[in-house]
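The structure under discussion appears below in the form of structure tokens.
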Amino acid sequence: MLRVFWTILKRDLTLAMRRRTDVLTTLFFFVIVISLFPLGVGTEHKVLEILGPGVVWVAALLASMLALERLFAADYEDGTLEQMLLTAQPLSLLVLAKIAAHWILTGLPLVLIAPLVGMQYHLSDTAIGIMMLSLLLGTPVLSLVGAIGAALTLGLRGGGILLSLLILPLYIPVLVYGSGAVQVSSIAITDTQPYLALLGAFLLVAMVFAPVASAAALRISLE
Amino acid sequence: MLEVNQLECRRGDRRLFSDLSFAVGSGTLLHVRGRNGTGKTTLLRSLCGLFTPESGEIRWQGEPIRALGDDYKRDLLYFGHLNGIKGELTGIENLAIAAALDGDRADTPALWEALARIGLRGFEDLPTRMLSQGQKKRVALARLILSKARLWVLDEPFTALDVDAVALLQRLIAEHVDTGGMAVLTTHQEVPLTSGQVERLDLEG
Chain A
2 MLRVFWTILK
12 RDLTLAMRRR
22 TDVLTTLFFF
32 VIVISLFPLG
42 VGTEHKVLEI
52 LGPGVVWVAA
62 LLASMLALER
72 LFAADYEDGT
82 LEQMLLTAQP
92 LSLLVLAKIA
102 AHWILTGLPL
112 VLIAPLVGMQ
122 YHLSDTAIGI
132 MMLSLLLGTP
142 VLSLVGAIGA
152 ALTLGLRGGG
162 ILLSLLILPL
172 YIPVLVYGSG
182 AVQVSSIAIT
192 DTQPYLALLG
202 AFLLVAMVFA
212 PVASAAALRI
222 SLE
Chain B
-13 MLEVNQLECR
-3 RGDRRLFSDL
7 SFAVGSGTLL
17 HVRGRNGTGK
27 TTLLRSLCGL
37 FTPESGEIRW
47 QGEPIRALGD
57 DYKRDLLYFG
67 HLNGIKGELT
77 GIENLAIAAA
87 LDGDRADTPA
97 LWEALARIGL
107 RGFEDLPTRM
117 LSQGQKKRVA
127 LARLILSKAR
137 LWVLDEPFTA
147 LDVDAVALLQ
157 RLIAEHVDTG
167 GMAVLTTHQE
177 VPLTSGQVER
187 LDLEG
């Protein structure tokens, strides 16, 4: 079981390493979107501090969406997805491996680059720490929930737009609690723990249900 | 033993075939024939469980394939129109992944040997997108050498292959059928299928 998970994870990471532009696009998109805001709204200290958490999280949602369309599409086009459906391995496990690879390639870089973008918004060290933590908990949820949408819209014409309309509303709770955690971290008397705990709960629920739902959606899409 | 009872398949509003019944026993090769658009691929996909028939039933060893699930998939090898290989990966990597997914613990020498036998010696380490159409197909067909599946479902396996590869594929199918395996295939080419007991099924549009 674990061997199959590892095989697919390694496969997707190798594929990404041989087609590096796909990975870098997401990261650069994230950095550029975030950098545009200070240029647009001016460099007023107070304004940026208030905008910061929200902008970073919205950019993370959009960046995560960007690569989502390709999550199953490439495998669908060359027939490898069909072969995965026909193996005796549990499909949800294979899907989970693909989602894990997607997160490592698109979610984890965002977490790591967060301190850099936080500095553009004059966020304090504590706020940056909380932002990294909230991204670490929240971005896997984006990949997991997004996979359901990617599986449902697989092979549809104009699937990319449909995918955004389908998935972005589902991202709202992650956005609210993710940016909320960073916002309250600057207020001394409030505690960020409830926010992070809720993000963690989202993650656990998504981890249990999203692979199963995606696998079921893939079976429907491949008929 | 694969049994098909009164199968009916539709594509949208169009009925491809109905009341189709046949059985494929051990050591038998079933050649599905018919003009373009008569539903050969749909039939083969239904046999694999990739397509849900309108009505009728497909049984493997007496049990409906839907109920068998993974047990049926272990016995099945499907080779479709798409090669199912990754262009960015080398032949060896592609084959290793396919073997891992099939649950075989194929060791590396076995993989190399399979590729050599299929006529790709010297091309094992090239990304498959650099290979020709025929060579890509050979990479995909190397799975047949490693496969332990009892039922092979092959959709147009001979297209894009040269004379040598066609002969090799015929030998592989013959070996498989002679050792008690089953094969269901479609082909438009005039390929003599001499292996085991050959049955023919004609689909009419």
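Going down the list, the protein sequences come from chains A and B.
Under this note's numbering, think of the first position of the first sequence as 2, with each following residue one higher.
Under this note's numbering, think of the first position of the second sequence as -13, with each following residue one higher.
Positions of the beta carbon are idealized from the N, C-alpha and C atoms, including for glycine.
Just so you know, these numbers come straight off a predicted model, no measurement behind them.
| query | How should B:D148 be labelled, buried or exposed, when 16 other C-beta atoms within 10 angstroms of its C-beta is the threshold for buried? | reply | The count along the second sequence starts at 1 and reaches residue 148 of chain B at position 162. With fewer than 16 other Cβ atoms within 10 Å, it is exposed.
| task | Along the beta strand (DSSP E) that carries B:G42, what are the first and last residues, could you check? | result | Taking the first residue of the second sequence as 1, we reach residue 42 of chain B at position 56. Element bounds for B:G42: 41 to 46.
| On the three-pair Cβ rule with 8 Å, is the stretch 211 to 224 of chain A touching the stretch 118 to 131 of chain B? | no
| message | Assess contact between the stretch 0 to 14 of chain B and the stretch 95 to 114 of chain A, defined as three or more Cβ pairs (one per stretch) separated by less than 8 Å. Is contact present? | response | no
| said: I want to see whether chain B comes within less than 8 Å of A:Q90, judged by CB atoms only; does it? | reply: Counting from one through the first sequence, the residue named residue 90 of chain A turns up at place 89. Chain B, which has a Cβ nearer than 8 Å to the Cβ of A:Q90, makes this yes.
| query | For A:A75, which option in A:A61, A:G181, A:A152 has the closest C-alpha, if you only look at C-alpha atoms? | reply | For the purposes of this step, residue 75 of chain A is taken as the residue at position 74 of the first sequence. That would be A:A152, whose Cα lies nearest to the Cα of A:A75.
| query | Tell me the DSSP bridge mates of B:N(-9)? | reply | Position 5 of the second sequence, counted from the start, is the residue given in the question as residue -9 of chain B. B:E43, per the DSSP bridge assignment.
| query | Going by other Cβ atoms of all chains shown within 10 Å of its Cβ, with 16 needed for buried, is A:F29 buried or exposed? | reply | Translated into the one-based positions of the first sequence, residue 29 of chain A becomes position 28. Exposed, because fewer than 16 other Cβ atoms sit within 10 Å of the Cβ of A:F29.
| C-beta contact flag for A:P54 and A:V183 at 8 Å | For the purposes of this step, residue 54 of chain A is taken as residue 53 along the first sequence, with counting starting at 1. For the purposes of this step, residue 183 of chain A is taken as residue 182 along the first sequence, with counting starting at 1. Closer than 8 Å, so yes.
| Cα-Cα separation between B:E190 and B:T173, rounded to whole angstroms | Mapped onto the second sequence, residue 190 of chain B falls at position 204. Mapped onto the second sequence, residue 173 of chain B falls at position 187. In a straight line, the C-alpha of B:E190 is about 15 Å away from that of B:T173.
| query | Touch check for the stretch 27 to 44 of chain B and the stretch 33 to 53 of chain A: three-plus C-beta pairs under 8 Å? | reply | no
| Minimum C-alpha distance to A:A89 - residue among B:V18, B:G89, B:A85 | Residue 89 of chain A sits at position 88 when you count from the first residue of the first sequence. Answer by Cα proximity: B:G89.
| query | Does the beta carbon of B:L68 come closer than 8 Å to any beta carbon on chain A? | reply | By 1-based counting over the second sequence, the position of residue 68 of chain B is 82. Judged by the 8 Å Cβ criterion, B:L68 is in contact with chain A.
| field | Residues that B:M168 bridges to, as DSSP identifies them | value | The sequence position of residue 168 of chain B within the second sequence is 182, counting from 1. B:L137, per the DSSP bridge assignment.
| query | How would you list, in chain order, the residues of chain A whose beta-carbon sits under 7 Å from the beta-carbon of B:E74? | reply | Here residue 74 of chain B corresponds to residue number 88 of the second sequence, with the count starting at 1. Here the neighbours are L16, R19, R20.
| Got a sec: which bits of the stretch 80 to 112 of chain A sit with their beta carbon under 9 Å from any beta carbon on chain B, in order along the chain? | G80, T81, L82, E83, Q84, M85, L86, L87, T88, A89, Q90, P91, L95
| request: Mind checking which residues open and close the alpha helix (DSSP H) that includes A:D23? | output: Position 22 of the first sequence, counted from the first residue, corresponds to residue 23 of chain A. A:D23 -> alpha helix (DSSP H) spans 21 to 42.
| request: List the residues of chain B that A:P12 touches, going by C-beta distances under 7 Å, in chain order. | output: Mapped onto the first sequence, residue 12 of chain A falls at position 11. According to the sequence provided, residue 12 of chain A is Arg. The question's Pro does not apply to it. In chain order: I83.
| Are B:R136 and B:G167 close, meaning C-beta to C-beta below 8 Å? | In the second sequence, the residue the question calls residue 136 of chain B occupies position 150. In the second sequence, the residue the question calls residue 167 of chain B occupies position 181. Yes, the pair counts as a contact, with Cβ atoms nearer than the cut-off.
| task | Given a cut-off of 8 Å, decide if A:D192 and A:K99 are closer than it, judged by their beta-carbon atoms. | result | Here residue 99 of chain A refers to the residue found at position 98 when the first sequence is read from its first residue. Here residue 192 of chain A refers to the residue found at position 191 when the first sequence is read from its first residue. No, they are not a contact pair.
| message | Could you tell me the alpha carbon to alpha carbon distance between A:M2 and A:S93, rounded to whole angstroms? | response | Translated into positions along the first sequence, residue 2 of chain A becomes position 1. Translated into positions along the first sequence, residue 93 of chain A becomes position 92. About 11 Å.
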